[in-house]
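Encoded structure:
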């Protein structure tokens, strides 16, 4: 009779999952593009201090990292609890820093070298002596542009 | 010709999900940020005693940090919270006080004749100072300069410092220089 009479059963049809892979792929590509995979595992504990006057590190590829802090639990037996320096994936001495900087420079394009930044990720409770020595080595290696890595202070005045 | 059977694509979603979960867990989204500083250049080794004239006492804002994380500014103990105001007062010298730094009128493009301070902030820490304390002091000093620049640019251009063009920024930087010098740290007291 009526043109609009519903035919067949009244069950709601199942939602088509044919487009599910497409949606997931879209998400996948998003994450693949935005990802920067952590390439070092931290051997030292670093709890960064807070600060308010932060600048973002724009080009991650131009940043070399120096970690300083007390060794993680599993290394305490070997290295003790005093703050240590970590370069790449191993513990290092202050005297290793110039070589590290040179190696970092060698792995970049020549035109990019003046824009390189050294990011110091130092634990809050480290004594300044070790930091002072690092800064001296960096000055000797002419890696003058540094960034004291820190967290954003939550309470803003 | 025989038709090749179609590859079932039902498991496609599962595969994609697996990859997706891998990338989600491996991602670190946090942007690295920190306090940016430029270290002074190493003096050439064969340099004789430098012949730069000594800086006058009133032009130096001395900030000392000892091994017990105490802060001494211009000979007085001070809390970190008060450092910013003190540093701003030093840099601006609003009342032309005798004890605060001299100013030198300088011709700056876009701004005209501006009294530029000759003040230098000198920061010295002990070998035993904690890094967290050192950084918060650095932060306060940088904040003082940034606030002054912001105030000055609002007054001159009606905009915040970050929103200025690069020439305007250059002018503001010249009008309010950021001279924070770090002296060689000392060990005060025998304990290392």
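Residue numbers (the numbering used here), protein chains in the order written: chain G, 368 to 524; chain W, 1193 to 1384.
The C-beta atom is built at its ideal place from N, Cα and C for all residues, glycine as well.
When burial is assigned at 16 or more other CB atoms within 10 Å of the CB, is residue 1319 of chain W buried or exposed?
Against the second chain, residue 1319 of chain W aligns to sequence position 127. By the 10 Å Cβ count, residue 1319 of chain W comes out buried.
Pull up the CB-CB distance for residue 438 of chain G and residue 446 of chain G, whole angstroms please, since I reckon it's below 8 Å.
Residue mapping note: residue 438 of chain G aligns to position 71 of the first chain, counting from 1. Residue mapping note: residue 446 of chain G aligns to position 79 of the first chain, counting from 1. Under the criterion of beta carbons closer than 8 Å, residue 438 of chain G and residue 446 of chain G qualify as touching, at roughly 4 Å.
Nearest-angstrom Cα distance between residue 485 of chain G and residue 498 of chain G?
Within the first chain, residue 485 of chain G is the residue found at index 118, counting from 1. Within the first chain, residue 498 of chain G is the residue found at index 131, counting from 1. Their Cα atoms are separated by approximately 13 Å.
Using a beta-carbon distance below 8 Å, is residue 1291 of chain W in contact with chain G?
Looking up residue 1291 of chain W in the second chain gives position 99. No, no contact with chain G.
Do the region 1222–1233 of chain W and the region 492–509 of chain G touch if we need at least three Cβ pairs shorter than 8 Å?
Contact between the region 1222–1233 of chain W and the region 492–509 of chain G is present, because at least three Cβ pairs lie under 8 Å.
By how many angstroms is the C-alpha of residue 382 of chain G removed from the C-alpha of residue 545 of chain G?
With chain G running from 368 to 524 in the structure shown, residue 545 of chain G is simply not present.
Taking only beta-carbon atoms, is residue 1200 of chain W less than 8 Å away from chain G?
The residue you call residue 1200 of chain W lines up with position 8 of the second chain. With 8 Å as the cut-off, residue 1200 of chain W does not count as an interface residue toward chain G.
Bridge partner(s) assigned by DSSP for residue 512 of chain G
Stepping through the first chain from its first residue, residue 512 of chain G is reached at position 145. Answer is W:1230.
Take residue 453 of chain G as the anchor and find which of G:410, G:481, G:518 has the nearest alpha-carbon.
Position 86 of the first chain, counted from the start, is the residue given in the question as residue 453 of chain G. For the residues G:410, G:481, G:518, the minimum Cα distance to residue 453 of chain G belongs to G:410.
Run through chain G and tell me which residues come within less than 7 Å of residue 1228 of chain W, C-beta to C-beta.
Sequence index remark: in the second chain, residue 1228 of chain W carries index 36 (1-based). Within chain G, the C-beta atoms nearer than 7 Å to that of residue 1228 of chain W come from 422, 514, in chain order.
Is the region 469–480 of chain G close to the region 410–422 of chain G, with three or more CB pairs under 8 Å?
With the cut-off at 8 Å, the region 469–480 of chain G and the region 410–422 of chain G do not touch.
Which of the three DSSP states is assigned to residue 1272 of chain W in this structure?
The count along the second chain starts at 1 and reaches residue 1272 of chain W at position 80. Note: residue 1272 of chain W maps to helix in three-state DSSP.
Inspect the beta-carbon positions of residue 1289 of chain W and residue 1373 of chain W and report whether they are closer than 8 Å.
To locate residue 1289 of chain W, count along the second chain from 1; it is residue 97. To locate residue 1373 of chain W, count along the second chain from 1; it is residue 181. No, Cβ-Cβ distance for residue 1289 of chain W and residue 1373 of chain W is not below 8 Å.
List the residues of chain G that residue 1377 of chain W touches, going by C-beta distances under 7 Å, in chain order.
By 1-based counting over the second chain, the position of residue 1377 of chain W is 185. What residue 1377 of chain W touches in chain G, judged by beta-carbon distance under 7 Å, is 495, 499, going in chain order.
How would you label residue 1269 of chain W, buried or exposed, when you count the other beta carbons within 10 angstroms and need 16 or more for buried?
Taking the second chain and counting its residues from 1, the one referred to as residue 1269 of chain W is at position 77. Around the beta-carbon of residue 1269 of chain W, fewer than 16 other beta-carbon atoms lie within 10 Å, marking it exposed.
To the nearest angstrom, how far is it from the Cα of residue 1277 of chain W to the Cα of residue 1287 of chain W?
What you label residue 1277 of chain W is simply residue 85 of the second chain in a count that begins at 1. What you label residue 1287 of chain W is simply residue 95 of the second chain in a count that begins at 1. Straight-line measurement puts the Cα of residue 1287 of chain W at about 15 Å from the Cα of residue 1277 of chain W.
To the nearest angstrom, how far is the alpha carbon of residue 1292 of chain W from that of residue 1248 of chain W?
Here residue 1292 of chain W is taken as the residue at index 100 of the second chain, counted from 1. Here residue 1248 of chain W is taken as the residue at index 56 of the second chain, counted from 1. Note on geometry: alpha-carbon atoms of residue 1292 of chain W and residue 1248 of chain W lie some 11 Å from one another.
Unbroken stretches of the beta strand (DSSP E), 3 residues or longer, contained in the region 1301–1366 of chain W
If we require 3 residues or more, the beta strand (DSSP E) runs fully inside the region 1301–1366 of chain W come out as 1304–1309, 1312–1317.
From the DSSP output, read off the bridge partner residues of residue 418 of chain G.
Within the first chain, numbered from 1, the residue matching residue 418 of chain G stands at position 51. Under DSSP, residue 418 of chain G takes part in a beta bridge, and its partners are G:519.
Taking only beta-carbon positions, decide if residue 1382 of chain W is within less than 8 Å of chain G.
Here the question's residue 1382 of chain W lines up with position 190 in the second chain. Its pLDDT being 45, under 50, residue 1382 of chain W is placed unreliably by the model, and nothing is read from it.
Compare the C-beta of residue 523 of chain G against all C-beta atoms of chain W and say whether one is closer than 8 Å.
To locate residue 523 of chain G, count along the first chain from 1; it is residue 156. With a pLDDT of 47 at residue 523 of chain G, under the threshold of 50, the modelled position of that residue is not reliable, and no figure is offered here.
Answer yes if the region 1292–1303 of chain W comes into contact with the region 1244–1263 of chain W, meaning at least three C-beta pairs across the two stretches below 8 Å, and no otherwise.
Result yes; three or more Cβ-Cβ pairs closer than 8 Å.
According to DSSP, is residue 397 of chain G helix, strand or coil?
In the first chain, residue 397 of chain G corresponds to position 30, counting from 1. Helix.
Contacts that residue 1347 of chain W makes with chain G (C-beta to C-beta distance below 7 Å):
Taking the second chain and counting its residues from 1, the one referred to as residue 1347 of chain W is at position 155. Result: empty, since nearest Cβ-Cβ is about 21 Å, beyond 7 Å.
For the candidate residues G:488, G:501, G:482, whose alpha-carbon lies nearest to that of residue 529 of chain G?
With chain G represented from 368 up to 524, any question about residue 529 of chain G goes unanswered, as that position is not in the structure.
Does any CB atom of chain G fall closer than 8 Å to the CB of residue 1373 of chain W?
The sequence position of residue 1373 of chain W within the second chain is 181, counting from 1. Residue contact with chain G for residue 1373 of chain W: absent (no Cβ-Cβ distance below 8 Å to any residue of chain G).
Report the CB separation of residue 1279 of chain W from residue 1327 of chain W in whole angstroms; it is logged as a contact under 8 Å.
Start at 1 with the first residue of the second chain, and residue 1279 of chain W comes out as number 87. Start at 1 with the first residue of the second chain, and residue 1327 of chain W comes out as number 135. That belief does not hold up - the Cβ atoms of residue 1279 of chain W and residue 1327 of chain W are roughly 16 Å apart, past 8 Å.
At the 8 Å Cβ level, is residue 472 of chain G part of the contact set with chain W, yes or no?
Taking the first residue of the first chain as position 1, residue 472 of chain G is located at position 105. So no, residue 472 of chain G is outside the interface.
Select from G:502, G:444, G:443, G:426 the residue whose C-alpha is nearest the C-alpha of residue 463 of chain G.
Numbered from 1 along the first chain, position 96 holds the residue referred to as residue 463 of chain G. Nearest Cα to residue 463 of chain G within the set G:502, G:444, G:443, G:426: G:502.
Cβ-based burial, residue 393 of chain G [other Cβ within 10 Å; buried from 16]
Your numbering for residue 393 of chain G matches position 26 in the first chain. Answer is exposed; the Cβ neighbour count stays below 16.
Would you call residue 1212 of chain W buried or exposed, if buried means 16 or more other Cβ atoms sit within 10 Å of its Cβ?
Your numbering for residue 1212 of chain W matches position 20 in the second chain. Around the C-beta of residue 1212 of chain W, 16 or more other C-beta atoms lie within 10 Å, and the residue is accordingly described as buried.
Buried/exposed call for residue 1352 of chain W, threshold 16 Cβ in 10 Å
Along the second chain, read from residue 1 onward, the residue named residue 1352 of chain W stands at position 160. Exposed, since its Cβ has fewer than 16 Cβ neighbours within 10 Å.
How long is the line joining the alpha carbons of residue 480 of chain G and residue 425 of chain G, rounded to whole angstroms?
Your numbering for residue 480 of chain G matches position 113 in the first chain. Your numbering for residue 425 of chain G matches position 58 in the first chain. If you take the alpha carbons of residue 480 of chain G and residue 425 of chain G, they lie about 15 Å apart.
Quick one: Cα of residue 1203 of chain W to Cα of residue 395 of chain G, how far?
Here residue 1203 of chain W is taken as the residue at index 11 of the second chain, counted from 1. Here residue 395 of chain G is taken as the residue at index 28 of the first chain, counted from 1. Roughly 16 Å between the two C-alpha positions.
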